[in-house]
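Residue numbers (the numbering used here): 5 to 150. Don't be surprised by glycine CBs; every beta carbon is placed ideally from N, CA and C. Here's the structure, in structure tokens; my notes come after.
What follows is the structure, encoded as structure tokens:
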């Protein structure tokens with residue numbers, strides 16, 4: 005397992021970039037605009053993580069800016085922790101066998117979400133290319149929120 009990123013939602017992109025980059029010293033690794041979903045993703049990294057951040061986009065801080073104004077309460081501005089795993093199906097099965105609910109099953113062979121005991125959302129991402137869809141994952145419904 006590899007630590008990838010932590011996502012936080014921001015309400016003012018310019019102020020956030022001023023804080024994280026100009027004041028804290030992080031730098032922008034990448035930026036993508038998602039017009040259909042109406043959000044911007046910006047990945048930031050610490051200078052000491054430059055090699056892995058530039059090559060593998062890890063470890064990073066993901067800033068998510070939703071274009072439509074939203075008031076974040078109850079920790080909604082904190083998004084999730086993300087980890088890359090060698091085999092997403094084996095990881096999810098192992099977690100299920102230990103009593104963990106798979107909130108968003110890896111139907112696509114690539115991404116799943118679970119929650120910690122404190123309700124922190126954790127994203128699991130398949131290392132490399134997505135695995136071929138397979139049961140029971142392909143037809144498994146979401147459980148709760150993720």
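Distance between residue j and residue i (C-alpha atoms, nearest Å)
i	j	result
residue 13	residue 68	5 Å
residue 96	residue 10	20 Å
residue 131	residue 125	19 Å
residue 44	residue 34	11 Å
residue 17	residue 137	37 Å
residue 59	residue 75	34 Å
residue 105	residue 92	14 Å
residue 6	residue 90	9 Å
residue 88	residue 47	16 Å
residue 108	residue 123	14 Å
Buried versus exposed call for residue i [16 or more other C-beta atoms within 10 Å across all chains shown]
i	result
residue 71	exposed
residue 143	exposed
residue 54	exposed
residue 127	buried
Three-state secondary structure assigned by DSSP to residue i
i	result
residue 95	helix
residue 135	coil
residue 114	coil
residue 145	coil
residue 125	strand
Member of the options whose CA lies at the smallest distance from the CA of residue i
i	options	result
residue 84	104, 31, 139 and 116	116
residue 94	56, 82 and 114	114
residue 129	57, 140, 25 and 111	111
residue 62	42, 86, 80 and 147	86
residue 49	36, 40, 56 and 64	64
residue 66	82, 77 and 29	82
residue 77	15, 141, 51 and 8	15
Quick check on the DSSP output: what are the complete alpha helix (DSSP H) runs of length 4 or more inside the stretch 26-102, in order along the chain? 54-60 and 92-101
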